[in-house]
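Visitor:
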Amino acid sequence: MPRITLCAPDSEKSCFACCPPIRPKGYEHIDYRNIIRRILRENTRAFDPSSKEIIPITGFSCWALGYVDDRYRQVGCLLHPARNRGKDLRYRVDYGQKCQRESCLEARRFMALSPSARLFWLGIAEGLDSFEYSSRRYNPLFRLLEWGVGLLEQIASTEKGNRVNSKTFFERYPFFLTHLMPRAHSYLVDSLVQHCGLAPLRDKEFVPRFEAFCTRLIQNLPSVTSSPTAPYTHCLDMDETLADFLRLALGMKKIEKGEALIIKQKVDQEMEAFIDQLP
Numbered sequence: 004m005p006r007i008t009l010c011a012p013d014s015e016k017s018c019f020a021c022c023p024p025i026r027p028k029g030y031e032h033i034d035y036r037n038i039i040r041r042i043l044r045e046n047t048r049a050f051d052p053s054s055k056e057i058i059p060i061t062g063f064s065c066w067a068l069g070y071v072d073d074r075y076r077q078v079g080c081l082l083h084p085a086r087n088r089g090k091d092l093r094y095r096v097d098y099g100q101k102c103q104r105e106s107c108l109e110a111r112r113f114m115a116l117s118p119s120a121r122l123f124w125l126g127i128a129e130g131l132d133s134f135e136y137s138s139r140r141y142n143p144l145f146r147l148l149e150w151g152v153g154l155l156e157q158i159a160s161t162e163k164g165n166r167v168n169s170k171t172f173f174e175r176y177p178f179f180l181t182h183l184m185p186r187a188h189s190y191l192v193d194s195l196v197q198h199c200g201l202a203p204l205r206d207k208e209f210v211p212r213f214e215a216f217c218t219r220l221i222q223n224l225p226s227v228t229s230s231p232t233a234p235y236t237h238c239l240d241m242d243e244t245l246a247d248f249l250r251l252a253l254g255m256k257k258i259e260k261g262e263a264l265i266i267k268q269k270v271d272q273e274m275e276a277f278i279d280q281l282p
């Protein structure tokens, strides 16, 4: 069985959001679908796999991005080793090393899931084409993966044997329609699920209550002014979700570990009090 990746999940679609490796912030291919479709066809037809010529990328379009299947559904790198019997030809765009390194957080988290969990979560993207699948606006899987491997693995295990699509999943778990930033709040949600299981995430009425709690918690936590020599928060030897909460929810880019642990203690106390009040 071929390895299932976020980049190439099946024969109907692929993700090409990371190409080219240098692009404007917020850029999405789907906004220029008709133009890019034409460019992809032209690139595919013009590609010469036997050539060794180096042609640097100009602008925000790569001449080596094209269709990698006969039906013109999957979009990918024509220079990738998977297309060239294991030989990496990406040096030809003069961005080779950057192309090789390109890997989004969501793709890495997807690969950390069990094979069965990967199949479950791909149901969320069922019916999307490559342009929609590559879009963070159209593909909810990108945002869901930001909640973390542990939570997604637990949901997939609980739903074992059940097939879901985007509609049925969000009906079953309305919590994930929240406006809360996943990475900024995953520490709190993980704590909630650890104590209460998945039931709150299925309760539509719970969502505004939890959102209000998060807002109050963040507003009421004591401010910390860390030394300029303090380590960067994401470099601290601690749980990644806690570091993300400190950095993204509280805006603490630098903090001493001792200060971080004091905040953690306060947050944990507030979470316990909130959970105790739940029906």
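Residue numbers (the numbering used here): 4 to 282. We put the CB at the ideal spot given by N, CA and C, even for glycine. This one's a predicted model, so the numbers in the text were calculated from it and none came from an experiment.
If we call anything under 8 angstroms between Cβ atoms a contact, is residue 175 one with residue 205?
Guide: Contact: yes.
Visitor: Closest to residue 24 by C-alpha separation, out of 9, 66 and 51, would be which residue?
Guide: Considering only alpha carbons, the answer is 66.
Visitor: Return the Cβ separation of residue 110 and residue 217 in integer angstroms, given the expectation that the two are a contact with Cβ distance under 8 angstroms.
Guide: Contact flag wrong, Cβ pair sits at about 28 angstroms.
Visitor: At the level of alpha carbons, what is the spacing between residue 196 and residue 26?
Guide: Looking at the two C-alpha atoms, the distance is approximately 38 angstroms.
Visitor: Whole angstroms is fine: what's the gap from residue 47's alpha carbon to residue 278's?
Guide: Approximately 56 angstroms, taken between the alpha carbons.
Visitor: So, does the segment 243–262 touch the segment 182–195, judging by three or more C-beta pairs under 8 angstroms?
Guide: Output reads yes: the segment 182–195 touches the segment 243–262.
Visitor: Roughly how many whole angstroms lie between the Cα atoms of residue 122 and residue 6?
Guide: C-alpha separation (whole angstroms): 11 angstroms.
Visitor: Quick one: any contact between the segment 141–148 and the segment 113–129, if contact means 3 or more CB pairs under 8 angstroms?
Guide: Counting Cβ pairs under 8 angstroms, three or more are found: they touch.
Visitor: Measure the beta-carbon distance from residue 194 to residue 33 and round it to whole angstroms, keeping in mind my assumption that it falls under 8 angstroms.
Guide: Wrong, their Cβ atoms sit about 36 angstroms apart, outside the cutoff.
Visitor: Which residues mark the beginning and the end of the alpha helix (DSSP H) in which residue 199 is found?
Guide: Here the alpha helix (DSSP H) through residue 199 covers 185–199.
Visitor: Hey, residue 108 and residue 95 are a contact pair by Cβ (cut 8 angstroms); roughly how many whole angstroms apart?
Guide: In fact, because the Cβ distance is near 28 angstroms, the residues do not count as touching under 8 angstroms.
Visitor: May I ask which residues mark the beginning and end of the beta strand (DSSP E) holding residue 78?
Guide: Note, residue 78: beta strand (DSSP E), 78–80.
Visitor: For the beta strand (DSSP E) that contains residue 70, what are its first and last residues?
Guide: Unbroken beta strand (DSSP E) run through residue 70: 68–70.
Visitor: Does DSSP put residue 136 in a helix, a strand or coil?
Guide: Note: residue 136 maps to helix in three-state DSSP.
Visitor: If you follow the alpha helix (DSSP H) that residue 160 is part of, which residue opens it and which one closes it?
Guide: Unbroken alpha helix (DSSP H) run through residue 160: 152–161.
Visitor: Between which two residues does the alpha helix (DSSP H) carrying residue 114 extend?
Guide: Run containing residue 114: 108–115, per the alpha helix (DSSP H) assignment.
Visitor: What number of angstroms, rounded off, separates the C-alpha of residue 264 from the C-alpha of residue 59?
Guide: Answer to the nearest angstrom: the Cα atoms are 48 angstroms apart.
Visitor: Can you check DSSP and say which residues form a bridge with residue 228?
Guide: Partner(s): none; residue 228 has no beta bridge.
Visitor: If I follow the unbroken alpha helix (DSSP H) through residue 264, where does it start and stop?
Guide: Unbroken alpha helix (DSSP H) run through residue 264: 260–279.
Visitor: Please classify residue 16: is it buried, with 16 or more other beta-carbons within 10 angstroms of its beta-carbon, or exposed?
Guide: Under this definition residue 16 is a buried residue.
Visitor: Please give me, in chain order, every unbroken run of the alpha helix (DSSP H) with length at least 4 that falls completely inside the segment 21–75.
Guide: Counting whole runs of 4 or more residues, the segment 21–75 contains the alpha helix (DSSP H) stretches 36–49.
Visitor: Might you give, ordered along the chain, the residues of its own chain that have their beta carbon closer than 8 angstroms to the beta carbon of residue 240, omitting 5 neighbours on each side?
Guide: Cβ neighbours of residue 240 beyond the five flanking positions: 260.
Visitor: Drop a sphere of 10 angstroms on the beta-carbon of residue 101, count the other beta-carbons inside from all chains shown, and report buried for 16 or more, exposed for fewer.
Guide: By the 10 Å Cβ count, residue 101 comes out exposed.
Visitor: Which residue from 8, 169, 61 and 91 puts its Cα closest to that of residue 54?
Guide: Of the listed residues, the one whose Cα sits closest to residue 54 is 91.
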